[in-house]
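Residue numbers for the sequence shown follow the numbering used here, so the first one is 11 and each next one is one higher.
Ideal Cβ placement from N, Cα and C applies to all residues, glycine included.
On a predicted model such as this, the values are computed, not experimentally measured, just so you know.
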Amino acid sequence: MLDGMTVQEQRQMLSEALDQAGKGDEQARLLHDAWRRGDERLLWTKMAAEMRQQYPQLYQRINTGRNDAWVPKLLPYLQAGQGGTLVVVGTLHLLGNDGVVEKLKAKGYKVERVCAGCRAKR
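Here you go:
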């Protein structure tokens, strides 16, 4: 993933990774539980908002830029008219206005979360 990044972006990526690693198992459990509940607000706050604020160029490269590149590649599959299409990406790519979900909805697609073992957020 570091290939093609500037030295500054590489440092930011490593700093973010070390920061996340330092939060340990408790953070992982919190995020997993939020995912299973469908709590997008908590996921956004813990995963994206801080990164977007502290490292805007890195966030642009590894999240928004990749999302922008993926959507046009997904469209032919979605337009094939063969029913549903399963798209699997990391959680960060699903969150926020610049996430894949909102980008596809803006193009008129119905996007729904599939998680048979998850508890719906109430």
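Closest in alpha carbon position to Glu26, among Glu122, Tyr65, Leu84 and Asp78, is Tyr65.
Of the candidates Arg71, Asp29 and Leu53, the residue whose Cα lies closest to the Cα of Gln18 is Arg71. The residue from Gly48, Asp29 and Gln20 with its alpha-carbon nearest to that of Arg123 is Gly48. Under the three-state reduction of DSSP output, Val110 falls in the helix class. In the DSSP assignment, Asn77 falls within the unbroken alpha helix (DSSP H) covering Gly75 to Gln89.
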